[in-house]
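Visitor:
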Amino acid sequence: MNKIFETPLYAYERSPDQDTATPVRHKVIVVGAGPVGLTAAIDLAQQGVGVVVLDDNDKVSFGSRAICFSQRTLDIADRLGCGNPMAETGVQWEAGKVFFDDRKVYEFDLLPEKGFSNPAFVNLQQYHLEEILVDRVRALQAEGAPIEIRGRNKVEAIGTHDDHVKLEVETPEGPYNVEADWLIASDGAHSPTRRMLGLDFDGRIFEDNFLIADVVMEADFPSERWFWFDPPFNRGQSALLHKQPDNVWRIDLQLGWDIDKEREKRPENVIPRLKAMLGEDVEFELEWVSIYTFQCRRMEKFRHGRVLFAGDSAHQVSPFGARGANSGIQDTDNLCWKLKLVIDGKAPELLLDSYSRERVQAADENITMSTRSTDFITPKSEMSRLLRDAVLDLSEKYEFARPLVNSGRLSAPCTYKGSSLSSADALNGPDITCPGSACPDAPLGDEFLLPKLAGKFTLLTIDAEAPERLEEGGIQATRLALSVKDDLTLELKRRYLGDADSAIYLIRPDQHVAARRDTFEENAFRQAMRRATGKE
Ligand SMILES: Cc1cc2nc3c(=O)[nH]c(=O)nc-3n(C[C@H](O)[C@H](O)[C@H](O)COP(=O)(O)OP(=O)(O)OC[C@H]3O[C@@H](n4cnc5c(N)ncnc54)[C@H](O)[C@@H]3O)c2cc1C
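Put into structure tokens, the structure is as follows:
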């Protein structure tokens, strides 16, 4: 077994909280040190909010889990100081091929337009991501940031109160109590927090099994996503191949519903399947084999008083489209700036309800997209299969059929259409930057736009006048002034100006557009600031 699964990453250490007569109160406690809990903690600590992460384990997560991390996640990771190690360790890719039977029916490119600082995707084992995040926690601790991670601290009981949450935590040296003003529950799909609070988690269970094999081999397949429908080596089913770092390849074989899972996982049954796909002579080692089924479901709302659910604890999707961890990390991006404003008394608690509304909208979008992919990949009736196969046949020769092929629509950020935090659109500008959307990146000389928009309210002006600062209710937006003459690249124009001659964008700390107009109107932008902070 890979040593990484056995080595403690945040070993248990006794905390002074275990020796006090009355429970210590922290600003924020995060339950769960998966990708979502760790990103939330890093985000809060970077903003100076004291945060303690409790995890029942002390190692990276076990086995084959997430590998594909999207451009939006990398943009967020840049803000959290983890983007470079992710992009450098990961396998960068943007292209893919779709096969039907023994034919390639078409190729796609997720990033036909250039001018972004990050690639469309990187493939990186979830355990490498978790290592990178824990390294970042350690670096922040070295700088004196208020962040702590406690391994083998299992949350056993939760009491909720109007102004705090009380936890009972089990450790190798016995239990202790601790309190938090706010609790972020990122304790995974089986969330004990959700169960302890007696909350529902509704959705659909898909009746199919997938064999996941991570194999180590020297191979010269390109760094692309390859997807097969009904291939000769897995008749009637599907298959997926992805390259990961360290010569590890992810192979995903659909098996159908009525199988003996224990039998299918045995090497003597897995190896012939893989040889049929890769070729008899290809040498490989099995790093990990598992069989998974999946569900698409979410909680009704993600805020329950002082408890905020994020990641798999709040929502689950099928893995087609790589929307699980990516959307969980986007949850934290949405949540942490709001929580900081509420903790500082600069925004009402109601702002946190917008976290729930916006991210429920994102979860619904992800569930819809991944359910459609699943239905296309695993047709539920003979008629659906015939139709699906006809689309695949046509897509080989006819462009019009290709958008109908759905081998997994890959994770993209949600546009918070109709959000109470957004103001009405007052610019005849491009759709991709309408209020609610995540700002796309664009080159600015030798640099890029997104890092200049991170973690604060920004007034982005393009050939328009506006004050250097706009302060409303104790919150400042600072101006980033660009002009056609000096800064305007083709990409920036296409993404932010379109047919307009000038533009002013109010951009939230999570790089989503709150409002836009062609000229500065002070009252309109003050109102937009109030709306974006939950005050109107
Ligand atoms: C086969 C497969 C492939 C996938 N591929 C992708 C992909 O390519 N891209 C993608 O974005 N997503 C993918 N996913 C989904 C992704 O793995 C999850 O969405 C992600 O792990 C969710 O992160 P999380 O932090 O919310 O939860 P988890 O990673 O499950 O972390 C929860 C943490 O909470 C801890 N915990 C639980 N109970 C307690 C307790 N009582 N006290 C303290 N701590 C506790 C656990 O130990 C764990 O560390 C895939 C999933 C699978 C199964």
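If you read the sequence shown in the working numbering, its first letter stands for residue 208, the second for the next number, and so on. Ideal placement from N, C-alpha and C gives every residue a C-beta, glycine not left out.
(1) Take Q278 as the anchor and find which of R715, C646, L660 and L515 has the nearest alpha-carbon.
(2) For R457, does the count of other Cβ atoms within 10 angstroms reach 16, so buried, or fall short, so exposed?
(3) Closer than 6 Å to a non-hydrogen atom of ligand 1 - does that hold for the CB of A240?
(4) May I ask which residues mark the beginning and end of the alpha helix (DSSP H) holding I339?
(5) I want to check one thing, is the minimum distance from the CB of K450 to the heavy atoms of ligand 1 below 6 Å?
(6) Distance, Cα to Cα, R286 vs A387?
(7) If we ignore side chains and look at the alpha-carbon of each, how far apart do L557 and N541 end up?
(8) Give me whichever residues DSSP pairs with L558 in a beta bridge.
(9) By the three-class DSSP mapping on this structure, what secondary structure does P215 have?
(10) So, for A420: in the same chain, excluding its five sequence neighbours on each side, which residues have a beta-carbon less than 7 Å away from its beta-carbon?
(11) Taking the alpha carbon of E463 as the reference point, which residue from A554, P353, D437 and V567 has its own alpha carbon closest?
(12) What I want to know is whether the C-beta of A284 ends up closer than 6 Å to one or more non-hydrogen atoms of ligand 1.
(13) Have a look at W300, Y334 and Q332 and flag the residue whose alpha-carbon is nearest the alpha-carbon of L318.
(14) With H, G and I counted as helix, E and B as strand and the rest as coil, what does DSSP make of D459?
(15) So, do the segment 615 to 630 and the segment 267 to 284 have three or more beta carbon pairs nearer to each other than 8 Å?
(16) Entirely within the segment 246 to 314 and at least 3 residues each: give me those beta strand (DSSP E) ranges in chain order.
(17) By the three-class DSSP mapping on this structure, what secondary structure does E475 have?
(18) Who does R702 pair with in a DSSP beta bridge?
(19) Are the CB atoms of R592 and N613 within a distance shorter than 7 Å?
(20) Residues in the same chain with beta-carbon distance under 8 Å from E337, minus the five sequence neighbours each way, listed in chain order, please.
(21) Which partner residues does D370 have in the DSSP bridge list?
(22) Measuring alpha carbon to alpha carbon, tell me which residue in T500, T696, G257 and V720 is nearest I639.
(23) Beta carbon of S271: closer than 6 Å to some heavy atom of ligand 1?
(24) The beta strand (DSSP E) with L713 in it runs from where to where?
(25) Within 6 Å: the Cβ of P642 and any heavy atom of ligand 1?
(26) Measure from the alpha carbon of S626 to the alpha carbon of each residue in M506, S563, F732 and I274, then state which is nearest.
(27) Between the Cα of V524 and those of F516, G512 and C503, spot the shortest distance and give me the residue it belongs to.
(28) Determine the burial state of R221: buried for a count of at least 16 other Cβ atoms within 10 Å of its Cβ, exposed for fewer.
(29) Hey, how far is the Cα of Q333 from the Cα of I536?
(30) What's the C-alpha gap between S534 and Q568?
(31) Does DSSP put G745 in a helix, a strand or coil?
(32) Looking at the secondary structure, which residues open and close the alpha helix (DSSP H) in which W544 lies?
(33) List the whole-angstrom C-beta distance separating A722 from P642, where the pair is believed to meet the contact cut-off of C-beta under 8 Å.
(34) Apart from the five residues on each side of it in sequence, which residues of its chain come closer than 8 Å, Cβ to Cβ, to N441?
(35) Looking only at its chain, what residues have a beta carbon closer than 8 Å to the beta carbon of N754, apart from the 5 residues adjacent to it on each side?
(36) I want to check one thing, is the minimum distance from the CB of A619 to the heavy atoms of ligand 3 below 6 Å?
Guide: Quick answer:
(1) C646
(2) buried
(3) yes
(4) Q333 to A349
(5) no
(6) 26 Å
(7) 14 Å
(8) The partner list for L558 (beta bridge, DSSP) is empty, contrary to what the question assumes.
(9) coil
(10) I458, V477, L481, L493 and V496
(11) In the sequence under discussion, the amino acid at residue 463 is Gly, which differs from the Glu named in the question. Ranking the options by Cα distance to G463, first place goes to D437.
(12) no
(13) W300
(14) strand
(15) yes
(16) 258 to 261, 275 to 277, 298 to 300 and 302 to 307
(17) helix
(18) According to DSSP, R702 bridges with nothing at all.
(19) no
(20) L216, A240, G241, P242, L245, V267 and S268
(21) According to DSSP, which records beta bridges pairwise, D370 is partnered with nothing at all.
(22) V720
(23) yes
(24) A710 to I714
(25) no
(26) S563
(27) C503
(28) exposed
(29) 13 Å
(30) 11 Å
(31) Limits of the chain in this structure are 208 at one end and 743 at the other, which puts residue 745 out of reach.
(32) G531 to I550
(33) 6 Å
(34) W435, L460, Q461, R480, A483 and M484
(35) Nothing about residue 754 can be read from this structure; the chain reaches only from 208 to 743.
(36) Ligand 3 is not part of this structure, which contains only ligand 1.
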